[in-house]
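Here the structure comes first, spelled out in structure tokens, and everything after it is commentary.
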Amino acid sequence: CPHYFSLTDEAVIGYNQNAKVNPPLRSAEHVAAIKRGLASGVIDAIATDHAPHTALDKFVEFDNAESGMVGLETAVPLVMTNLVAARVINLRRAIELLTIGPARILGLDKLGYGSFSIGAPADITIIDPNKEGVVNPEEFESKGRNTPFAGMELRGWPVYTIVKGEVVMRDGRVV
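For the sequence shown, my numbering assigns the number 152 to the initial residue and increments by one for each residue that follows.
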């Protein structure tokens, strides 16, 4: 999950329920180790469990708050900002980690998922690597708004998502 290479345990100082995840966030040394693993190939996929919760589930006493955060809306720009722009990995490696890596783990590569080839499913996300934007949970398409990244400026946002050959998302909005 992108929060493990984007945040440290300092994000929960003050009992920030939006940063409460399981397993919990760790130290800067752990974040650096994850980045090394992504760069070296020890870690071969980036995915998100996308755990949106209602405000009622998150904004309670920290110990009683649900673990998890919205992941879909911020996954790609977190990769692009914290890994590609930071020169931890290159764009090609980022694409592999977000596509063929998860497909292999799930055995979907045998069906053509995760690749860009003739006969493969036409499921594609087009990214503008230079597009900058501020994370605004009120603009999320999913029902959850729980993110510790609110107000953070990120770059490399998806501009189109195509599923089965049909455009389903344009500039962050479901069409």
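Glycine is no exception: its CB is placed at the ideal position from the N, C-alpha and C atoms. Just so we're clear, the structure is a prediction, and the values are computed from it rather than from any experiment.
For residue i, the nearest candidate out of the options (CA to CA)
i: Asn407; options: Val314, Ala184, Ala236, Ile185; result: Outside the displayed span of the chain (152 to 326) sits residue 407, for which this structure offers no information.
i: Ile246; options: Pro309, Ile164, Gly165; result: Pro309
i: His181; options: Gly165, Pro228, Asn167, Glu161; result: Glu161
i: Ala198; options: Arg187, Tyr155, Ser268; result: Tyr155
i: Val273; options: Gly258, Thr250, Glu283, Lys186; result: In the sequence on display, residue 273 carries Ala and not Val. Checked all of Gly258, Thr250, Glu283, Lys186; the closest Cα to Ala273 is Thr250.
i: Pro175; options: Arg187, Gly284, Cys152; result: Cys152
Same chain, Cβ closer than 8 Å to residue i, neighbours up to 5 away in sequence not counted
i: Asn169; result: Lys209, Met220, Asn297, Thr298, Pro299, Ala301
i: Ile185; result: Tyr155, Phe156, Ile194
Opposing strand residues paired with residue i [DSSP bridges]
i: Ile313; result: Ile275, Val318
i: Glu283; result: Arg306
i: Val139; result: A query on residue 139 cannot be resolved here, the shown segment of the chain reaching from 152 to 326 and no further.
Residue i versus residue j - alpha carbon distance
i: Asp195; j: Asp260; result: 14 Å
i: Val325; j: Ala179; result: 35 Å
i: Ala226; j: Glu290; result: 15 Å
i: Phe267; j: Ile313; result: 12 Å
i: Leu158; j: Tyr264; result: 30 Å
i: Ser191; j: Leu242; result: 14 Å
i: Val286; j: Met303; result: 6 Å
i: Gly323; j: Gly165; result: 31 Å
Cut-off 7 Å between Cβ atoms - residues of its own chain near residue i, not counting five sequence neighbours on either side
i: Ala203; result: At residue 203 the sequence reads Pro, which differs from the Ala that was named. So the list reads Val221, Ser293, Lys294, Gly295, Asn297, once near-sequence residues are dropped.
Residues of its chain near residue i, where Cβ-Cβ distance is below 6 Å and the 5 sequence neighbours each way are ignored
i: Pro288; result: Arg296, Thr298, Ala301
i: Ser218; result: Lys171, Val172, Asn173
i: Ile277; result: Val310, Tyr311
i: Ile256; result: Ala196
i: Gly284; result: Trp308
i: Leu305; result: Pro228, Thr232
Heavy atom of the ligand FMN within 8 Å of residue i beta-carbon
i: Trp308; result: Annotation note on the ligand FMN: not contained in the displayed structure, which lists no ligands.
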